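The next block holds one structure in the form of structure tokens; read it before the comments.
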Amino acid sequence: MRGFVDGQKNKGKCRSTTKNTNRGGGFQLLKWTGIQNNFFSKAWVHVSEDRIKSNNQQLDIFWDSVLDAFHDFCQQDGEQVERSVSSLKNHWLNMNRVCKVYGTCLKNVMQGPKMVCNKEI
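So the number in our numbering is just where the residue sits in the sequence shown, counting from 1, plus 3.
Now the structure itself:
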């Protein structure tokens, strides 16, 4: 499975994206940590700015590359995380939406006191 280093038992912290709640056999999604957000953003930029592939990547290959880079950054830091492409895509959509709202609010504030930001996230 991606995100796990072969032959390195008990090294780093292992986190899965889900955990069994033992209440009816259901699963609960684990929240993203600040360091995971940092590594995810770093991975997205790293893959996006690849000079060889540039923007000539198919979308599924792009996200597979982001996932691989994300797991690599986590492993370099000693944290082993099990995430999927779909969890990265969903998290990116949420982050992107929030960043757009923040950007709009910041733009309105910078334009002067007449503009007020009242958008809800």
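Positions of the beta carbon are idealized from the N, C-alpha and C atoms, including for glycine.
Predicted model, so just to flag it, every value in this text is computed and none were measured.
Asked, Found
"My output table needs one value for Gln61: the three-state DSSP class, helix, strand or coil.", "coil"
"Grab me the residues of Gln79's own chain with a C-beta within less than 8 Å of its C-beta, minus the 5 sequence neighbours each way, in chain order.", "none"
"Which whole-angstrom value describes the C-beta separation of Leu91 and Leu62, a residue pair presumed to lie in contact below a C-beta threshold of 8 Å?", "Contact flag wrong, Cβ pair sits at about 12 Å."
"Taking Cβ positions, are Ala72 and His49 nearer each other than 8 Å?", "yes"
"Going along the chain, which unbroken runs of the beta strand (DSSP E) with 3 or more residues stay wholly within the region 36-80?", "none"
"Pick out whichever of Val112, Met98, Thr107 has its Cα sitting closest to the Cα of Asn41.", "Met98"
"Gln114 to Gln83, Cα distance in whole Å?", "44 Å"
"Are Lys45 and Phe76 touching if we call contact CB-CB under 8 Å?", "yes"
"Does the separation of the CB atoms of Val88 and Asp67 fall below 8 Å?", "yes"
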